[in-house]
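In mature numbering (1 follows the signal peptide of the UniProt record, and there is no 0), the protein residues as written are -27 to -1, 1 to 734.
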């Protein structure tokens, strides 16, 4: 939703066919976990549709391009992700990586494009309109340090190009763990400051050897070009009646805008992403459109101009779900369920340190990348018309001024009306690879306000064949211009979700006949392949026992399965890997069994029956591949465990378990600490010395007076004045002693600090 760099008042700009997969130029990392280790079996207090359950995977993936070159004690970048598999079938499988850009992508997952929302009672409820309904979604916390992602503080990224390299490394390792997604049509999506990240990431992906089929980029209410979007604040304010033209407020903000543009014109380095002088424009407009509600002074919500927020926040307390999301993600059982334990800090939406470290001194604005990118891959820019911080006026302005494919702007193409479920949704225009969509009655977070509308938009951009979808939200009618969404034909006597046969509009009977004949031929080929596999594995089974290598990799991972005792025979022969009672030789169970096999048949008979191959040949082959995949996962887990054991043994042997910094880092922090606190300590010491001198003078005066009292009155009956003088002397003496002790404590603390530096160095 928002990001943490220095936009107005620290404004946190809230911020994918059959193909041969190219072999990466580098070998796969040996320490990557298996896919099964990321599976989220149960999300606490999630109430979902059991007919269409969510299949969720999440955790940390190594994402530091330099990880292999770093010492084993270095905490390298690990990006956190949540993968949610598509719940329903579309015309083909797709995958979309979502980025909220330096703020956690849980904003997108739990408040926008994901399948669930907080329910107001501490749990979650599923909702319609999530993009995962027909598309595999991957929500990524990036750069490292954002959300649940982590890295050592001296490895935060400083440039957009470095952040893009992290994502490419993440995707490389992601595809090693989940190779089935590498051949899918791939998309990148996000909002707000993702207007900077996504072009950089898209360009890095296209320049990499990932071998993915990148099909499009989608940016919602993106911050892309300072030179066009800063001046748009005044234009938007006038257009939407926030400021009256030629009023005193208008003239003031116009002057601030002119100063902003003059400042931008003086910059000779990389095209600026933002500018401190220009940031006050948002504050000026937000405060000028304020009000008082129940005695509380309010300002305009810069993410939704229809709303107000308290002065000083002006939108930072929005959306209203945020406190409940933060509380849910802070629960220990939720952290464990998401496999996010590796990060010690609690989840926060936006990490200010990450934003401050992203200095972008060498990174030009993404507007310099976007034109060439549009020529290589389709791009969609969409904007809710009630957002101010990254408003549509500025986006339309920057589009009109960029040049791609030999022309400037969108040209003479027609802007079409767009409706969803019979209601106006916005406007739609496409030109030379760029799609621009303006969404009516929507804020900075379009899917938060209008999930069904946003889902229709992304599916249209992806080119989904709606006629192939027979159930779910995609069946809600929509229209762009005169082109209505094609709907599947439901045969007479059948329900919508049963046996609806999608027939694309405009097909002739001859085309339909050819389609069904081709499908029949494909089925015959699959049957022949299944028979061949059946005969091959049957013959292989008759050849005898498992190889020695397979036996060695079948070491039990657990000593107790299901809470019961296991005898020696079971421990050495069954319950391999994830506790499945499945012998490799029993996959097909064809023909007579040997005497030795009967031991297994007599034991745990019910589970053996469940693992027996189905009489259906195709189902049998499917089971074979499932078993093969799980066996591979088990072997990978064993390798991972062996690798980590050796690595941790080396770390323990070196007695540097908790030393995660190098010499240069210690030296840097020592210098920073010295520069920061040494003047304060010296000032405190100087003040203490002056105080001691003053006390010494008073002490001397008191002694003089006391001697005088003793000389003049040897009697035990001293006057009241003399007693008070003596009392003051005792008090001042005590104060002096206290100051002396504090001064000594300061000296001791400084000595300890210096000794600590020497030890760390």
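Idealized CB from N, CA, C, for every residue including glycine. Nothing here was measured: the structure is a model prediction, and the numbers come from that model.
How big is the Cα-Cα spacing for residue 48 and residue 42?
-> 12 Å
C-alpha gap between residue 629 and residue 125, whole angstroms | Bear in mind that the predicted position of residue 629 carries a pLDDT of just 40, short of 50, making it unreliable; the figure below should be weighed with that in mind. Roughly 16 Å between the two C-alpha positions.
What does residue 20 pair with, by DSSP beta-bridge criteria?
-> 98
According to DSSP, is residue 57 helix, strand or coil?
-> strand
Determine the contact status of residue 453 and residue 205, defining contact as a CB-CB distance below 9 Å.
-> no
Check whether residue 226 and residue 262 have beta carbons under 9 Å apart | Result no, Cβ atoms of residue 226 and residue 262 do not sit closer than 9 Å.
Return the chain-ordered list of same chain residues with a C-beta closer than 8 Å to the C-beta of residue 347, the five sequence neighbours on each side being excluded.
-> Excluding residues within five positions, the ones whose Cβ falls inside 8 Å are 377, 378, 405, 406 and 407.
Just grab the DSSP bridge partners of residue 282 for me.
-> 272
Report yes or no: do three or more beta-carbon pairs, one from the region 84 to 99 and one from the region 414 to 428, lie closer than 8 Å?
-> yes
Cα separation between residue 331 and residue 134?
-> 11 Å
Separation of residue 167 from residue 181, as counted between CA atoms | When rounded, the distance between both Cα atoms is 20 Å.
With a CB to CB cut of under 8 Å and the five nearest residues on each side skipped, what residues in its chain are close to residue 400?
-> 388, 389, 390, 391, 410 and 411
Distance, residue 450 Cα to residue 469 Cα | Residue placement at residue 469 is poorly supported in this model, since its pLDDT is 48, which falls under 50; the coordinates are not used for a value here.
Start and end of the beta strand (DSSP E) containing residue 128?
-> Counting along the chain, residue 128 falls outside any beta strand (DSSP E), and DSSP gives it neither H nor E.
C-alpha gap between residue 169 and residue 337, whole angstroms = 9 Å
Name, in chain order, the residues that DSSP records as bridge partners for residue 67.
-> 158
When you compare only the Cα positions, how much space is there between residue 114 and residue 71?
-> 9 Å
Residues that residue 90 bridges to, as DSSP identifies them = 98
Endpoints, the alpha helix (DSSP H) within which residue 413 is located | Segment: none, residue 413 is in no alpha helix (DSSP H) and carries neither H nor E.
How long is the line joining the alpha carbons of residue 362 and residue 663, rounded to whole angstroms?
-> 54 Å
Between the Cα of residue 253 and those of 245, 267 and 229, spot the shortest distance and give me the residue it belongs to.
-> 229
Cα separation between residue 27 and residue 108?
-> Rounded to whole angstroms, the gap between the alpha carbons of residue 27 and residue 108 is 12 Å.
What's the C-alpha gap between residue 275 and residue 257?
-> 11 Å
Taking only the alpha-carbon atoms, compute the straight-line gap between residue 343 and residue 654 and give it to the nearest angstrom.
-> Each residue's Cα considered, the two are about 51 Å apart.
Could you check the C-alpha separation between residue 23 and residue 393 for me, to the nearest Å?
-> 28 Å
Does the Cβ-Cβ distance between residue 81 and residue 431 come in under 9 Å?
-> Taking 9 Å as the Cβ cut-off, residue 81 and residue 431 do not qualify as a contacting pair.
Report yes if the CB atom of residue 436 is closer than 9 Å to the CB atom of residue 61, and no otherwise.
-> no
Nearest-angstrom Cα distance between residue 715 and residue 674?
-> 24 Å
Does any CB atom of chain B fall closer than 9 Å to the CB of residue 171?
-> Within the model displayed, chain B is absent; a lone protein chain is all it includes.
Answer with buried or exposed for residue 214, where buried requires no fewer than 16 other C-beta atoms within 10 angstroms of its C-beta.
-> exposed
Take residue 189 as the anchor and find which of 59, 443, 434 and 148 has the nearest alpha-carbon.
-> Looking at the Cα atoms, 434 is the closest of the given residues.
Reduced DSSP secondary structure (H/G/I, E/B, other) of residue 316 | coil
Return the residue from the list 455, 456 and 429 that minimises the CA-CA distance to residue 448.
-> 429
Indicate whether the contact test is met: 3 or more Cβ pairs, each with one atom in the region 347 to 359 and one in the region 151 to 159, closer than 8 Å.
-> Too few Cβ pairs lie closer than 8 Å, so no.
What does residue 34 pair with, by DSSP beta-bridge criteria?
-> 52
Neighbourhood of residue 223 by C-beta, 6 Å cutoff - its chain only, sequence neighbours within 5 removed = 216
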